[in-house]
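Quick note on my numbering: the sequence shown kicks off at 233 and runs consecutively.
Notes follow the structure.
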Amino acid sequence: MRKLLTPFALVLAVATTMVAQSNIQFLTTTGRQPYEIKADYPYDIPIRNSANDTLNTADIFVKNDQPTVLLFWLTTCAPCRLELAAVAKKYEQWQQERPFNLYAISIDWPRNEEQFVTRVQQGNWPFPAYHDFNRDFGKIMPGNLNGLPQVFILNKEGEIVHHKKKYRPGDEDQLFDWIKAL
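Here it is in structure tokens:
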């Protein structure tokens, strides 16, 4: 007797197949010029910093012997602000105990560029923050970044080893426990 795949197993199988592809082609949110995104870390996604410089994740994300945290957020998300503040408060202490890479990535719409810049300046975080102005990460990350904040922890090979949605006070300590375990 053949077993049918559960809906979860089916979605997981399809997502795994999609992520296993080496390149995925997308249009920008403005509908101009198709481009490809490398579906594995450090990806190949255009992003902006708070100085409005357009950079590429393939050039700035570091693949080294340290874990990497990708923290996805929105300027309008109150739990995102709480999580960013909690992580910022402990970040330097954590770095002394167990160095790791951390990138805070806003997936706000391009029209919210000014709010992104303001939030980063007000936050004065000790880690880099970027704006995924084409919202490309939502096209390649598991779950399409539905529901924020979301945190992905990648091992030194760039493989996702932990994923968490939403934020409750104290979650930042669990995040660091995951980092230390790598």
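Ideal Cβ placement from N, Cα and C applies to all residues, glycine included.
Enclosing alpha helix (DSSP H) for F332 [first to last residue]: Premise fails: F332 is in no alpha helix (DSSP H) and is neither H nor E.
Compare the Cα-Cα distances from L302 to each of Q325, P401, P374 and report the closest residue. P374
Mind checking who Q382 pairs with in its DSSP beta bridge? F304, K397
Pull up the DSSP beta-bridge partners for A361, would you. A336
Cβ distance (whole Å) where K396 is taken to contact G379 below 8 Å: That pair is no contact at about 11 Å.
Could you tell me whether any Cβ in chain B is nearer than 8 Å to the Cβ of A318? No chain B appears in the structure shown, which is made up of a single protein chain.
By DSSP, does F408 sit in helix, in strand, or in coil? helix
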